[in-house]
Every structure is written in structure tokens, then in C-alpha cells.
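Student: Line order of the protein sequences matches chains R and H. In terms of this note's numbering, the first sequence opens at residue 1 and continues consecutively. In terms of this note's numbering, the second sequence opens at residue 936 and continues consecutively.
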Amino acid sequence: MAIIFIDGKPYQAKDGVSLLDACLSLGFDVPYFCWHPALHSVGACRQCAVKVFKDEKDAKGKIVMSCMTPVADGMRLSIDDPEAIKFRASVIEWLMLNHPHDCPVCDEGGECHLQDMTLLAGHVYRRTTLKKRTHTNQDLGPFVNHEMNRCIQCYRCVRFYKDYAGGKDLDVFGCHDHVYFGRSRDGALESEFSGNLVEVCPTGVFTDKTFKKHYTRKWDLQAAPSVCVHCSLGCNTLPGERYGTLRRIRNRYNQSVNGYFLCDRGRYGYEFVNSKIRIRTASVKTNGAAPADEAAPELAISEIRKKLNGTHEGGIIGIGSPRASLESNYALRELVGAENFYHGVSDTVFNMMGEIVRIIKDGPVAAASLEDAREADAVLVLGEDVSNTAPMLALALRQASRNAPMVNLAKFKIPHWDDAAARNAIQNEKSPFFVASFTGTRLDGLSSEKPYRAAPDDVARLGFLIAHELAPESPGVPDASAEEKSLARRIAVALRNSKKPLIVCGTGPQSIHILRAAANAAWALKRAVPDARIAFSLPGCNSMGLALMDFPSGRPVSEALKRVQAGGAKAVIVIENELDESIGKEGAEEIMSLPCSVAIDFIATRTSQLAGVALPAASFAESQGTFVNNEARAQRFYMVMQPQNKNIHGVWRWIMEIKAALGTEKQCPEIDALTAELAKRMPQFAPIADRAYFPPPGFRIAGMKIPRQPHRYSGRTAMHTNIGMVEPKPPADTGSALSFSMEGFYDASKKQKIPSALLTHYWAPFWNSVQALNKFQSGTGGPLLGGESGKRLMEPSGSAPAYFTDIPEKQKKAPGPSGANNKGFFAVPLYHVFGSERLSMESQAVAGLCPEEGQPFIAASPRTLSALGLNKSDTMELEIGGAVFDFKTVADEEMAEGLAGVFVPKNANIAADLAGLYSKLPAWARFLVKTERKQ
Amino acid sequence: MSAKDPQAYPLTAGMEMNGKAVGLQKYEALGGYEGAKKALLQMGPAQVMQEVKDSNLRGRGGAGFPTGQKWSFVPMGENAPNTRYLVVNADEMEPGAFKDKFLLEGNPHQLIEGMVISSYAIGASVSYVFLRWAYKEAAKRIEQAISEAHSKGYLGKNIFGSGFDHEVRLHTSAGRYICGEETALLTALEGKRGIPRAKPPFPQICGLWGKPTVVNNVETMANVPHIIRNGAKWFKEISRSSDGGTKIYGASGRVNRPGAWELPMGTPLRELLEIHAGGMKDGYKLKGIMPGGASTEFMLEEHLDTPMDFDSVPKAGSRLGTGTLMVMDHKTCPVGLVLNIMEFFARESCGWCTPCREGLPWLTGILRKVEHGDGNPEDLEILNEHIPLLGMGRTFCALAPGAIEPLQSALKYYKQDFEAHIEKKTCPYK
């Protein structure tokens, strides 16, 4: 710690940080543009000027850029010095020379960092009479709107897009006062992190294009802390609502998880909440398979009661969901009984999830948080295409790739935050980084050597070899080639020589061998490197929660089917699930043809259409609950808005209603009571009752709830005047300490800390943009003052590892193009960030970026294709597991020989039989050309 | 010029006014590459560095930083990075300057010899010439000289059997003034946008591709072989000031003999103007001189006895800069001239930092208004206000501070001209 004197008064500051960082951390309002807490300093905008003095006697002082000046003990500076004030006002005046006065029609208005800084710096009056320069705007695709005239050339966009996120198609063009930020030509931004430009841009150049379609001012958005539902990482979000529609998603800062950013699937995948495929009313099939009728909820419940009469004990089976909250799954499990509760996932996923829990729970290596991943200094990615299955993990790994060479900065006396200097010093040096995959991944560019392309079992074998190199007691791979051994050795050496190595794997390849190999490698590595970590990408936002619920027992959905087939069930309740995907079309139909079948979901699925009774559930935005992310971090999401109508309830509440109807429970508890009960009954979830992380509904500050609406929310009294002049009473929220109102406790003074889990928006005097976040952190980029907003459920046991010994055999090469034994290819699953997640595919913007226009395809190397007599444009028929599917063929130069990557987008139009295909992969696939099949 | 004494005019001896370069043979006859031979065979790198330090050679790019001292910041020894670079700044884009072109075209081998010796001193096995885009002829001659030097073993492996390897590479710039700024030059040389870098770290520590790098001006390099061959003492003696050596001075404007001349460092301004440039043309009176390019402040008649060296010119309120005078006569409108200069700098701003990117175009716009008779007294206020606002430390690099030097001195010396424009609502010179 250093003592620095700011305008004569002493303050404590962290040694070596930038003066700007120190001033902001101390709560001073120093304006800035080009600096960003995650992108650090470059000294371009000159807005953060302060004056420093040599010593007490120095009265003249020197203007410096606070972002480029390191804190030193005894330093004297002035923020209020007239010369510094004048200079800062001049910077704004310069920026305003060309900035249009279009705030009233600018989407950024009201949360514009430029507006804030203009006020803060005190520039008011326009003196120039010169013409403003103008630019042409570009169509940057469905996510980001471009309005270049507003640009103040802070360079943050390209620094985020290129330097931080590794994007290649956004750049800076031109020079002098005609600098242009955009693409070389119009076209959709290619990076899956493009949406962050909206938050990174200090003004209205890059704004949210989906928000534009149903725009409202920031101060009119009602928000609540939430958790992203579009992958397993549990990124924290702040969804905003007005007039009953979800308008946008913004990042909610969580240092341990997503930090400052979100991926585009998470940011733009929200439109399903407002979409036509929502189930908004209960429906009951009155005559067998006839179209479902709309029904009042009471009718639906009474229908269930009628049908369930006498079958409750043992007769009902429940199928839980990896996308439903802990509470919903728990409620269902309690209703039907643990022995009748089935995880709505395929056997493969079920087994993989069990293995992952075992690895985290019983092994010596901790699951990596995204923060751990950002801090890693050596990375091995085994099989998982993280850019497509867990994009924010890929972004974290990109940061990890810089960490090893960053150590050298000390030699040059370059502080880590001196971003341009650090990048000049490091140039293209990277941390040790290794990629083993079926085909090309967007992390390949970080790879220290040519990525290893192989079939799942071969990827696993590499992992086992690496583990063996690291620890001889980890079993080796006897028939490994010299080449494989040498690669494994190089990787092992690099990992061992690092300080924070990270092994990354996941359920994407659907290979339990890869998970085991990764575990062996991580465990073996742990012997030499105590901070070794392992990261898993999982299929759903609550896959981990569901898996933990019954670990080490539990049943996959296939057992439910067996039971149905054996006549052991009369009724089924399925929550938030598309059974086709886990059990196939026929299996789903068989289960849903039970005398009583109930589906509770917020979107119409084939399963809900098969159900006798479909009940309208609340989406994440209309309900409260707990998700457990990939590292077993339990996080609470809160109601952002009331459901559109009274018929829509959280899944858990529907189950309580059914329970009540069946007479086993009279009172329907509040969600919080259910959470508490679940935490009490299931020790693995005990931490979710920790009030420090999850404030109870009765939590108050100064006797007040925390408002969901910002205090300048306009027209509470006017909002409903088209309906009636009487001001409606705000809806009550008995389940949380949040209010559906602008009234309540809000303070940004750092004195009274709102718990992070309840922080609904960031605002402080002078700070209306996302940059107000500085006011809620202890040190910029540091932890939130309101504490952590989630709790990890599992830490390593510390026990010695029991290495996995089941080494898979080397992948057999596919036979040639013809012959009786020709099996064609080995089919492996492919994923795409825009296409492989069902809910986000209801967002037009996301669906529009799905590869191959949302058509299923097979990707194989041109050599593999030509060996089979196929051309890249062919449509082929492929037989997998006895069923035949039509596929478009795509030539993929990077695909390992003999493999066929199968991609099936998860959109509403995909045939039911195709939807279940992934549950069968990886598998040998026999291709039949159309003519062959016709014969 | 052909009969010049190489001892008194080391840089230009042998150059003829026929537009041709001093060929390798002639250069060798004048003692060319003997300096390199001496350095590589008889001296250690530290000795070479010391000799240059002792010579008091100061950087001829304009800033006048002592060359030997600059080199001494390069980390040497066992723990230092193995890869180091020497880069010659031949991106001569300062308006009014043409001295480097003169040396590059006139004697490219002298440059290469200087580079070999300097690289030896700092342990660089590769050096680059970063050449102004427009210098096509120089590019040809440098390429030819490199190839000739190679064939004679002055470049390549094991030069003179010393064990020292060296390669010189020519890079022609894409053509931006800012690329003459040493850190922007390095960034551009790496193939990136030519944007300056913040210092520290200085290039000597972390320069080209993150490696220790020395960036020296063409004229600086040209002096090195002579210092090594003739010694630091000689170098100091041929100067008329405490800065060692000779200087290529030049003059443009309405003088009788515009041109460039090698003269002892510290030759007084009056001598340059009246003797070497032949004085003002008939009918033209001296109104002011920019002594070292467009980014230096005006000097007046009263400053004519200033010795033209790095320490004396600042005493007269300006900078030696490139030492190539731009002479303004009494029929030239200072407002128009400053406008012209400001247009150049506003256009050449790289667009990185706000004061330069936005401030210079604003000043340009105001100057244009004033020049065209649309100005008002508030405009002068804005111009004056910008002088401290665009000063050193306020901006990211020295471009804008340089750009306002002529404006600053014009506002000081030619205030009445600005006021006359505003009062008469027209340019009084038209």
C-alpha cells in the first residue's frame, strides 16, 4: 500500500496501479474514455488528466494522464487543479466538435458515458462554428447497430474486439480526424462477443440492435439480477423489462464468473421470453390426440387430479430438466418421490455428468471458475469446442494465453495495465496452449503447436498419455505411437512448468473417456503444480444442479422409458424438457402416451404437444430459482417481471398446485421456503441457504426493499393511463427482497452496500452508464462491495486420486469407399454458438447466424469425402443407429480424417427424429448416396 | 564542391553536383569502410560506444539527443536479450527538410557503413532503413549499395573476419509524417498502424518486435564512420560549438541560393542566410525564419547571430530541429503560412489522441476563417488558448506540440497581422 496525497489529503492506494485506477477506486470522479477496467490503459483520449507535483514545495506541477502514471508512495496530485480542470473540459470540447447533438434520438441517451463525462468535465457551451465530419454507417449484422458519426475515437471497440476477444473483422481505418471504426465492408460481425461493443462503446456508435426493435430508455427498464440460461457457465446478467416484454440483456458483473462481458448467445438469446412459442395458457387434450384445448388453470389441475386419482403412490413418474431450476426439479422429485424421478437427459449425458461430479467431488483438483480460467498460464483443451459450447470460457482462455509472457513485463518495468506497452513487449508470445479436437476451433490460433485433430477416443488417449507423462502411476497407453508420446511429453512438460495450468474438457464430444483422461491429466498435474485446475463445459444451465440432486444414484430418462414399457407407470410429469433429444422420437411418444401426461414448460415443444395437459410455465425472467453452473457454483436468479398473465407460474408452483390438488399439501410455500427446504434436505445444496450469499425475502436496508426500477423510472403513474387513471399498486414480491417499484433503498456511496445478489442496476451521481460499476467495486475490476453473489457447492476433497484405468482403443480407420463392410465415417457431434442451444434459436438475430442457414449438415475433410465419392455440395443420406437422415455435405479442411461432424441446429423446424440424433453420437455412420437408397 | 577537404567536410566530401551517388570505389578511396574495419577488428563494442559518446555526436533528427548515450541504454551482457535492432529513420517528412535525401542519394555507402558500426556497438545483427515513401531514387541507391556491400563482404556473415554478422534491410514507408516519430516508426515497421507508443518503455529497452532497438537519423548514422576513423577529438574540433561535428544545413524560401550545405556545427544563422544562401532575393525583406522545419518557432532578424546548434537556438526561443531553414519574407502572409503548416499537421495526425486529432483541425479551421477574412477576436482567443493545451505531455506524442510551435511564435511576433485580418476582414497580403 502507498500513501498518496490527493488535493492535499492523504489516501491509501495500491502500489503500482495506475493513478486513474487508484482515484476511481477511492471514489473520486475522474473522467475517462479510452481506459476500461478490463482493457486497461493506453493513454489515447487524454481525458483523465490530473496534475502531479514533485514534492510539497512544487506549486507548478505537471499535467499527466492519470491512466498512464503509476502510483508511487508519497505522490502528490491534484484533481481539482484549475489547469487540469481546464484541460479536461477542453478534451470534451474537442470531442464535441464532431459529436452530433442527437442525444434525444440516440439509443445510448441516459446511459451514455460521454454524456456523463461531459457533465463531469464541465464542458457546456459550443464555441466552434465549423462543419462536423460525417461518416457512412455499416450494416454489422443482427446484433449491433452502427452510427459512426457519434464516435469519439476512444479505440475501446477495436481494443476489445481485436485485442481482448481475438476478432479479426472489426478494425480502425483512416487517420487524423477521419478515423473510422468498422469492417472493411458491410456484414455481420464475426465474433461471438460482438455484443460487448454495446457496453464497451462509451457512446452511441455501437448499440443493441435487438433492443432497438422494442426500445425504451434505460431508466424505464425494470431489472433484476439473473443468470444466463444459454449454456452451463452461469454468466450473470441483468435483463431489462418494460410493459411486460423483456427488452434486453446486459452484463451483470461478477468477478468470479463472467467479469465485464457476455457472449452474443447470452446477450441476444432472450427473445424466446417474448416469442410466439411461449405456452401462455394451460391446455388439455380432451379426446385423445385431438388438438389441445385452451383451458383455465383450475380445469387443467382438476383434469390432472381426475387422471391421477389413485395413482399418486408410485404411479407417477417425474422427468426433471437440466434447464429447470433446482427448486423446480426438487419440487417434482418431492412430488413423485426420488425413486420415480428421472433426469431428462440421455444415457450418455447422464453418465458423463455423474463422472464429472465424481471428478470434482472426489478428486484433488478444483473445478475452475471463469476467473481461474482467465488467470491460467497454460491450457490444454481436450476435445471440447468451447467457443461453441461455452463461449465465455473460450474468451477466458484467450486471456489465459497472454499470462505466461506477461511475467516478462517486469523485466521491462512495464506495469501489466500499460496495455499497449505490454502488447508491444509480448508481441506474439503466448502461454503454452494446446488444442486437441475433431476439427478446427476458434482457439486454434492460440495453440502453441499444430492442433491435434483426432477422433474422441484418440483425443482421450492423448489425455491419458499426458497424464502418464506427468505421473507414472497414472496408466499409460501401451500402443501409443512415438509421435503421440512425443506430443504428450511436450504438452506435459509445458503444463508442469507453468504455475496455473488448466485442463479444459466437457460433455460436447459425448465421450466419457475424454473426461476421464482430462481428470487423470489434471490429477497428475496437481502433484507438480498445486494450482492446477480443470474446467468442464456442460450441456445445460442447470446440468450440474440436476446431476448433484441424485448423485451418486439417479436415473436417466431411458429408465423411465423402460418403466413405461414395463407398465410400471400411469402418469408422467415432464418439466422444461424436449424428450426427443434425450430418448428419441419414439421413446418420447411412448412416455407421453401414458394415460396421464403433463408437460410444464414455457415454450411449446414436441413433448408439450404430445402431453395430455400442458401447463404454462414462467421463464427465467418471470420466476426465481437457483442454477448450479459448470464449476458447481449455485447462483440465484430473480423475477425480472411479472408473467404476462395470471395463468403463468413457475414450474415449482405448478407442481405445488398439483400436490395441493392431490391432497398431500394444503399450503403452497413461497419459493424461498422451498429453497430452504431443499438446502436442508439435501446436504450437497446446504450452501444455497447461506443468507450471506442469498439474502432472504425479509432482507431490508433501512427498512426498505431493493427496487427493481431505477429511481428516475418515468411515469409510474402514467404507465397505465391508457387502461385507467388509478395508479395500480405495484405487484408484491413475497419471494425476494426486491420490489416491483422504483421505491426502496439504493445508494452508491459505498457506505451502505447492497448485497451483490440483489444489485438491480448500476447508478451513481454523474455515472449513468455501465461504468457506474466502478462505484460498486472495491477497486476497479475487483470484487463487488456487496460480496459474492453465488456460492460454490464443491471443493476438492484433497484425497489422493484414483486414476481412471479404462484406456480406450485406438480409433479404427474407416474402410474405403465401397465394399460390404463399409461403414463410411465415424460421426461426431458438432456445435455452433448460434444453433446448438434451443432457447436462443427463438431469437431471430441468433437464428439468422446459424451456419448453413439452419440446415443440418455433415462436415468431413475433402479427402474423406472424395474417398467416399462425395462432393462438397452433395446432399447425402446417412444411416446412424439404424435410422437414415438427409444431410447437406460440407467440406471441412480441418476435420480429422475419417470423421464426419454432424451438426443439427436446435430450431423448431428440425424433425423429431433428427433432434434425438446427438444422443446416439459418437457412432459409426454408413452413408448412402440417394441412388443407392432408391435401389 | 568536389575539392572539399574530407577532414573538414566529412559527410559530403566526394559528393559531386551531378546528381550521382558516390560509388563504392570512390567511397573506398576516400577511406570508406575503414571505420567499420577499425571498429570491428580493433575495437570492442563498448569502445565504439565510448568513442561516439566522447565525440558528443547529437541526434540529427531534430531532438539532439546524445547518440552515444542513447546507445548506452540498450541492455548488454549475458542476461540481455540476444536480439537487438538498429533502425535508421529515413522517413524525412518534415516540411522544408531535404538533408537526409541529400545524404541518402549522395552517399548511401556512408549510411551503410555507419549502420554496420552502430549495429556492432549495440550488438544488432539486423538493421533496417525506414525510408520515406516518396524517396524512390534513394531506395534504388540504398538497395544497390546494400548489394554492393554484400558482395564486398561489408555486410553478411563474419564481416572482415571479425565474427560479426550483419544484414541491412530497406523498408519503404507507406507514407505518413507520424512514421518519422521513432515509436510510430517501429509500430509501422512491424506492419501495424503507424501510431506512437508511450514511453517508457523506451525503444532501447523494448522496441521493434519487443526487442531492444536504437532508432537513429540518417545524418547521425553518416557521422559515425568518420568519428571512428578520425576519432572523437577530431570530431569535436571540426565543430564551432560544444556539439560535435558538422551539420547539413539548408535553406528554402525567397533567398538567392536555396540549397543544403555541410558546415561546422554552430555556424551562425546570419552566415547561413547571408553567405551560404546568398541573402534575401531582391525586393524581399526577411520577416522570419523557421530554423529547423515546420515544427519550429520563428526566429527574427534580431536572432541572426545565434549559433545554429542544439543548445543555442532554444535560447532564441526556437529549436535547431533539422537545421533546414524556411525563410519567410515580408510579402508572405504569416497567417497563410501558419495555416498551410497547420493543414499539414492536422492531416498528418495519426488520430490516436484527442488534442491532436481534434485540436489541430479546429485550429486549422479557425486559421482558415481568419485568413479568409471571416475571423473574429474570439477566434484569436481560441488559438491562444490552444498553445498550452497542445503542449508536451498533454498530447500522446510530440506531433501536436511541434505543430503549434510556429503558431505560438506567429501569435507572438505577428500578432498585428492576425488582428489586421480580423479588422479588415480580408488578408492584407492579397
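Glycine is no exception: its CB is placed at the ideal position from the N, C-alpha and C atoms.
Taking all protein chains shown into account, decide if Asn428/R is buried (16 or more other Cβ within 10 angstroms of its Cβ) or exposed.
Tutor: Here residue 428/R is taken as the residue at index 428 of the first sequence, counted from 1. Under this definition Asn428/R is an exposed residue.
Student: Quick one: measure Cβ to Cβ for Asn1158/H and Leu992/H, integer angstroms, because I've assumed they're closer than 8 Å.
Tutor: Numbered from its first residue, the second sequence carries residue 1158/H at position 223. Numbered from its first residue, the second sequence carries residue 992/H at position 57. Indeed they touch by this definition, with Cβ atoms about 6 Å apart.
Student: Got a sec: is the Cβ-Cβ distance from Ser431/R to anything in chain H below 8 Å?
Tutor: The residue you call residue 431/R lines up with position 431 of the first sequence. Chain H, which has no Cβ nearer than 8 Å to the Cβ of Ser431/R, makes this no.
Student: Residues bridged to His1106/H by DSSP?
Tutor: Within the second sequence, the letter at position 171 stands for residue 1106/H. In DSSP, His1106/H forms a bridge with Phe1065/H.
Student: Have a look at Phe766/R and Met117/R and give me their C-alpha separation to the nearest angstrom.
Tutor: Residue 766/R sits at position 766 when you count from the first residue of the first sequence. Residue 117/R sits at position 117 when you count from the first residue of the first sequence. Taking the straight line joining both Cα atoms gives about 8 Å.
Student: Hey, could you find the ends of the beta strand (DSSP E) Ile316/R is sitting in?
Tutor: In the first sequence, counting from the first residue as 1, residue 316/R sits at position 316. For Ile316/R, the enclosing beta strand (DSSP E) covers residues Ile316 to Gly320.
Student: Answer yes or no: do Met544/R and Ala632/R have a C-beta to C-beta separation smaller than 8 Å?
Tutor: Residue numbering aside, residue 544/R sits at position 544 when the first sequence is read from its first letter. Residue numbering aside, residue 632/R sits at position 632 when the first sequence is read from its first letter. Yes.
Student: Going by C-alpha distance, which of Ser66/R, Ala49/R and Lys62/R is nearest Gly16/R?
Tutor: The residue labelled residue 16/R in the question sits at position 16 within the first sequence. Closest in C-alpha terms to Gly16/R, from the list Ser66/R, Ala49/R and Lys62/R, comes Ser66/R.
Student: Please list, in chain order, the chain R residues whose beta carbon lies closer than 8 Å to that of Phe1331/H.
Tutor: Counting from one through the second sequence, the residue named residue 1331/H turns up at place 396. Within 8 Å Cβ-Cβ: Gly43, Ala44 and Arg46.
Student: Taking the alpha-carbon of Ser351/R as reference, which of Trp523/R, Arg265/R, Lys646/R and Ser553/R has the nearest alpha-carbon?
Tutor: One-based indexing of the first sequence puts residue 351/R at position 351. With the sequence shown as reference, residue 351/R is identified as Asn, and Ser is not the correct amino acid for it. Per the Cα distances, Ser553/R.
Student: Output yes if chain C places a C-beta closer than 8 Å to the C-beta of Ser1230/H; else output no.
Tutor: No chain C is present in this structure, whose protein chains are R and H.
Student: Give the residues from the region 1263 to 1291 of chain H that approach chain R closer than 8 Å (Cβ to any Cβ), ordered along the chain.
Tutor: Ala1281, Arg1282, Glu1283, Ser1284, Cys1285, Gly1286, Trp1287, Cys1288, Thr1289 and Pro1290
Student: Against chain H, with Cβ distances strictly below 8 Å, would His176/R count as a contact?
Tutor: Taking the first sequence and counting its residues from 1, the one referred to as residue 176/R is at position 176. His176/R counts as touching chain H.
Student: Go ahead and label Ser937/H buried or exposed: buried means 16 or more other beta carbons lie within 10 angstroms of its beta carbon, across all protein chains shown.
Tutor: Looking up residue 937/H in the second sequence gives position 2. Bear in mind that the predicted position of Ser937/H carries a pLDDT of just 44, short of 50, making it too unreliable to give a figure here.
Student: For Glu1197/H, write down the residues that DSSP places opposite it in a beta bridge.
Tutor: Indexing the second sequence from 1 puts residue 1197/H at position 262. Beta-bridge pairing links Glu1197/H to Ile1183/H.
Student: Only counting runs of 3 or more residues, tell me where the beta strand (DSSP E) segments fall wholly within the region 1019 to 1094 of chain H, in order along the chain.
Tutor: DSSP runs (the beta strand (DSSP E)) wholly in the region 1019 to 1094 of chain H: 1020 to 1025 and 1061 to 1066.
Student: Rounded to whole angstroms, what is the Cα-Cα separation between Ala547/R and Ala492/R?
Tutor: For the purposes of this step, residue 547/R is taken as the residue at position 547 of the first sequence. For the purposes of this step, residue 492/R is taken as the residue at position 492 of the first sequence. The alpha-carbon atoms of Ala547/R and Ala492/R are separated by roughly 31 Å.
Student: Which residues bound the alpha helix (DSSP H) around Phe193/R?
Tutor: For this step, residue 193/R is matched to residue 193 along the first sequence. Neither: Phe193/R is in no alpha helix (DSSP H) and is coded neither H nor E.
Student: With a cut-off of 8 Å, does the C-beta of Pro1136/H fall near any C-beta of chain R?
Tutor: Within the second sequence, residue 1136/H is the residue found at index 201, counting from 1. Taking Cβ atoms only, chain R reaches closer than 8 Å to Pro1136/H, which makes this a yes.
Student: Can you pull the chain H residues whose beta carbon is under 7 Å from the beta carbon of Ser90/R, in chain order?
Tutor: Translated into the one-based positions of the first sequence, residue 90/R becomes position 90. Those are Leu1324, listed as they occur along chain H.
Student: What span of residues does the alpha helix (DSSP H) with Leu335/R cover, start to end?
Tutor: For the purposes of this step, residue 335/R is taken as the residue at position 335 of the first sequence. Taken as a continuous stretch (DSSP letters only), the alpha helix (DSSP H) holding Leu335/R covers Leu326 to Val336.
Student: Return helix, strand or coil for His937/R, following the three-state DSSP convention.
Tutor: This structure leaves residue 937/R out entirely; chain R is present only between 1 and 935.
Student: For the region 402 to 415 of chain R, which residues have a CB atom closer than 8 Å to at least one CB atom of chain H, in sequence order?
Tutor: Within the region 402 to 415 of chain R, the residues whose Cβ lies closer than 8 Å to some Cβ of chain H are Phe412, Lys413 and Ile414, listed in chain order.
Student: Give the range of the alpha helix (DSSP H) segment to which Ser283/R is assigned.
Tutor: Position 283 of the first sequence, counted from the start, is the residue given in the question as residue 283/R. Note, Ser283/R: premise wrong, no alpha helix (DSSP H); beta strand (DSSP E) at Ala282 to Val284.
Student: Could you tell me whether any Cβ in chain R is nearer than 8 Å to the Cβ of Arg1132/H?
Tutor: Translated into the one-based positions of the second sequence, residue 1132/H becomes position 197. So yes, Arg1132/H belongs to the interface.
Student: Going along chain H in order, which residues have a C-beta closer than 7 Å to the C-beta of Met68/R?
Tutor: Translated into positions along the first sequence, residue 68/R becomes position 68. At a beta-carbon threshold of 7 Å, the residues of chain H lying near Met68/R are Ala1133, ordered along the chain.
Student: Could you name the residues of chain H that Arg127/R contacts, counting a contact when the two beta carbons are closer than 7 Å?
Tutor: The residue given as residue 127/R occupies position 127 in the first sequence. In chain order: Ile1317.
Student: Going by C-alpha distance, which of Ala420/R, Ser498/R, Val381/R and Ala295/R is nearest Thr441/R?
Tutor: Position 441 of the first sequence, counted from the start, is the residue given in the question as residue 441/R. Looking at the Cα atoms, Val381/R is the closest of the given residues.
Student: Just mark Glu932/R as buried or exposed, buried being the case when its beta carbon has 16 or more other beta carbons within 10 Å.
Tutor: In the first sequence, counting from the first residue as 1, residue 932/R sits at position 932. Interpretation of Glu932/R is limited by its pLDDT of 46, a score under 50 that renders its predicted location unreliable; the figure taken from the coordinates is listed afterwards. Glu932/R should be labelled exposed.
Student: Does the pairing of the region 1132 to 1149 of chain H with the region 414 to 421 of chain R give three or more beta-carbon distances under 8 Å?
Tutor: yes
Student: Checking 8 Å against the spacing of the C-beta atoms, do Leu1274/H and Arg1303/H come in under that value?
Tutor: Taking the first residue of the second sequence as position 1, residue 1274/H is located at position 339. Taking the first residue of the second sequence as position 1, residue 1303/H is located at position 368. It is a contact, given that the beta carbons lie within the stated cut-off.
Student: Keeping to the same chain, check which residues put their C-beta closer than 7 Å to that of Cys151/R; ignore five residues upstream and five downstream.
Tutor: Along the first sequence, read from residue 1 onward, the residue named residue 151/R stands at position 151. Excluding its 5 nearest sequence neighbours in each direction, Cys151/R has C-beta neighbours in its own chain below 7 Å: Phe181 and Val205, listed in chain order.
Student: Taking DSSP as the reference, what is the three-state secondary structure of Asp21/R?
Tutor: Start at 1 with the first residue of the first sequence, and residue 21/R comes out as number 21. Note: Asp21/R maps to helix in three-state DSSP.
Student: Skipping 5 residues on each side, what residues in its chain have a beta carbon closer than 6 Å to that of Met68/R?
Tutor: As a first step, residue 68/R is located in the first sequence; it is residue number 68 there, counting from the start. So the qualifying residues of the chain are Ser41 and Gly43.
Student: Taking just the CA atoms, how far does Met353/R sit from Glu192/R?
Tutor: To locate residue 192/R, count along the first sequence from 1; it is residue 192. To locate residue 353/R, count along the first sequence from 1; it is residue 353. Taking the straight line joining both Cα atoms gives about 27 Å.
Student: Among the candidates Arg490/R, Gly234/R and Gly166/R, whose CA atom is the shortest distance from the CA of Gln399/R?
Tutor: In the first sequence, the residue the question calls residue 399/R occupies position 399. Out of Arg490/R, Gly234/R and Gly166/R, Gly166/R has the C-alpha closest to the C-alpha of Gln399/R.
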